[in-house]
Structure formats: C-alpha cells, structure tokens
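K.L.:
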Amino acid sequence: MHLSETWPPALQQALTNIRHLVVFTGAGVSAESGIPTFRDALTGLWSTFDAEALATPEAFLRDPELVWGWYEWRRSKVLQVQPNPAHQAIAELARQVPRLTLITQNVDDLHERAGSSSVLHLHGSLHHPRCFRCAHPLETLPDPLDLSLGERRLAPPRCGHCGGLIRPGVVWFGEMLPEQALTDAFAAARSCDLLLSVGTSGLVYPAAQIPDIAWQAGATVLHVNPQPLVVRAEREFCLTGLAGELLPHLLAALVRP
Ligand code: OAD
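Residue numbers (the working numbering): 126 to 382.
1) Do you know offhand how far His-374's Cα is from Ser-129's?
2) If you draw a straight line from the C-alpha of Val-349 to the C-alpha of Phe-149, how long is it?
3) Whole-angstrom Cβ separation of His-253 and Gly-294, contact assumed at under 8 Å?
4) Which value, in whole angstroms, describes the spacing of the CA atoms of Ser-243 and Leu-225?
5) Suppose contacts are defined by Cβ-Cβ distances below 8 Å. Is Pro-223 in contact with Trp-297 by that definition?
6) May I ask you to list the residues that DSSP assigns as paired with Phe-185?
7) Tell me which residues share the same chain as Pro-356 and place their Cβ nearer than 8 Å to its Cβ, disregarding the 5 neighbours each side in the sequence.
8) From the DSSP output, read off the bridge partner residues of Thr-150.
9) By alpha-carbon positions, which one of Leu-379, Ala-368, Val-380 and Ala-378 ends up nearest to Val-154?
10) Does the region 307-315 come close enough to the region 324-340 that 3 or more CB-CB pairs lie under 8 Å?
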C-alpha cells in the first residue's frame with residue numbers, strides 16, 4: 126500500500142488539484158544534510174552557543190572576529206554538505222504544481238543547490254555578506270580557509286566602498302526581516318491553497334505567523350516534523366517523521382494520476 130493511502134482522507138483530498146503551494150521551511154529541512162538545527166535538545170546550535178554573544182548587531186560590534194569567525198565556520202559546514210531528499214523533493218514539487226512559492230528561514234543555500242529558484246530567504250543568507258556601515262554587498266567571498274576548525278576567530282574583510290566592516294548577510298535578533306521577501310511571503314501565504322511547513326519549531330516571529338496566515342485565509346496547512354505538533358481539527362495536519370523520508374512520499378502522492 127502506498128504510504129499516502131494511510132493519510133487522512135481530508136489531507137488526501139487537499140493534495141489533489143493544488144493551484145498554489147507554499148512551502149515554508151526551517152532548520153529541520155537541512156538537518157539530514159548534517160546542518161544542526163537551533164533548538165533541538167543537545168544538537169541545536171542554541172543549546173551549544175550563546176545567541177546573545179553571536180547573533181546580534183551589538184555582539185558583532187563588541188567582538189567582530191568572534192562573530193565573523195563563527196558564521197564563517199557555519200558557512201564552511203554548509204559548503205561541505207549536500208542537499209538531501211527533502212530539498213530535492215521540494216525542487217521537484219515546483220515542477221508538479223501550477224505555482225509554488227518557497228519561503229525559508231534557513232541561511233544555507235541547499236534549496237538552490239537542489240534546483241529551487243526564487244527562494245524567499247526571510248532570515249538572509251550566509252553566502253551574501255554586506256558592509257555593516259553602508260550595506261554594500263561584498264562581491265567575492267573566498268571559501269573559508271580551514272574548514273575543520275569551529276569557533277575560530279577571524280577578522281572580517283573590509284568594505285571596498287567605505288572601509289567598514291563586512292558582516293554576515295543574516296538577520297540577527299532585534300533586526301528587521303528583508304522587507305520585500307516578507308511582503309512576498311505574506312502575500313503568498315494569503316493566496317495559497319496548501320501550505321506545507323517543514324522542519325520548523327514555529328517560535329521565531331514574524332516568520333512563524335506564515336502558516337497561521339495561510340490557515341486564516343482558508344488554506345490547508347500540513348506540517349512535517351519528527352515531533353508531533355498540536356493541530357486544529359479543521360484543515361490542519363501533521364505528518365510525523367523526517368523531512369527527507371516524508372517529502373518524497375508527498376511528491377509521489379502529488380504526481381500519482
Ligand atoms: P529550530 O531549531 O527552532 O526548529 C527545528 C525544527 O525542525 C524542530 O521542530 C525539529 O523537531 C524539526 N526537525 C529536526 N530534524 C528534522 C528532520 N529531519 N525533518 C523535519 N523536521 C526536523 O529551527 P527553526 O524553526 O528554523 O533565526 O528556527 C527559526 C529561526 O530561529 C532560525 O531561522 C534562526 C533561529 O534563531 C535566525 O537566524 C534569525
């Protein structure tokens with residue numbers, strides 16, 4: 126029996142005739158590639174590292190070498206891994222539905238490397254640093270020299286335009302999200318008929334509003350997470366398991382005649 130035949134009939138129904146699918150991803154989608162999440166006990170980055178010392182503008186100004194070195198260490202980890210079957214299934218889903226909007230909270234480039242395009246990166250990107258002072262993007266970012274060392278201190282490059290310090294291109298705590306990406310993400314959530322939320326704890330706002338916005342606008346919301354999530358009785362479902370295992374099944378369910 127095909128796995129999708131064990132899913133609730135209302136979910137099976139929602140998977141037919143999708144016109145606009147929004148896929149909303151968090152750190153869990155990259156976990157099976159070997160990138161740590163933030164809040165999973167023991168393995169999450171925020172259980173090992175202090176967010177206040179690393180992920181705020183104040184932290185960068187206080188100790189730029191510590192902060193730049195930590196983000197370069199994270200970027201080096203991303204460069205060493207590959208997209209997993211969840212990223213690949215999402216890229217393929219875009220070819221199976223009339224319209225797909227991919228919104229991610231992740232700062233890696235694994236969706237793009239799996240073949241997805243026009244990804245809305247709500248929390249920025251490790252791969253697009255810019256000047257802390259004038260916001261000019263850094264044109265070339267060399268691969269981190271020593272890929273094996275975590276937590277090493279590294280002097281950030283200087284901006285070619287104003288001489289300011291180059292900062293990681295991610296959104297830090299206390300900062301605004303990229304305005305256009307957020308506007309586009311909210312608009313997509315309001316207009317989709319299915320919102321697929323994959324591998325997020327849903328704790329960081331405003332991104333965490335996106336599944337609710339879709340549900341309030343009448344869409345079906347489907348979560349994929351190894352932790353069973355509490356869902357509404359109507360139009361909201363949770364498939365409990367790993368994204369890399371469940372998303373290929375979801376794809377198969379959509380492409381079946
Ligand atoms: P979290 O670490 O908060 O949550 C990761 C979620 O992924 C949890 O619900 C896990 O149960 C789930 N998960 C773990 N492994 C999985 C797998 N193989 N398949 C599917 N799900 C899995 O990460 P986010 O929700 O992405 O912000 O965190 C949101 C934001 O908090 C991040 O973007 C980051 C962080 O502070 C910034 O950097 C601005």
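Quick reminder that beta carbons are idealized off the backbone N, C-alpha and C, glycines included. No experiment lies behind these values; they were computed from the predicted model shown.
P.N.:
Quick answer:
1) Cα atoms of His-374 and Ser-129: separation of roughly 7 Å, rounded to the nearest angstrom.
2) Answer to the nearest angstrom: the Cα atoms are 10 Å apart.
3) Cβ-Cβ separation between His-253 and Gly-294: approximately 4 Å, consistent with a contact (criterion under 8 Å).
4) Approximately 10 Å between the Cα atoms of the pair.
5) No, they are not a contact pair.
6) Per DSSP, Phe-185 has no beta bridge partner at all.
7) What sits at residue 356 in the sequence shown is Val, not Pro. Val-346, His-348, Phe-362 and Cys-363.
8) Among the bridge pairs identified by DSSP, Thr-150 is matched with Thr-229 and Val-323.
9) Considering only alpha carbons, the answer is Ala-368.
10) A contact between stretches requires three or more CB pairs, one per stretch, nearer than 8 Å, and the region 324-340 meets this requirement with the region 307-315.
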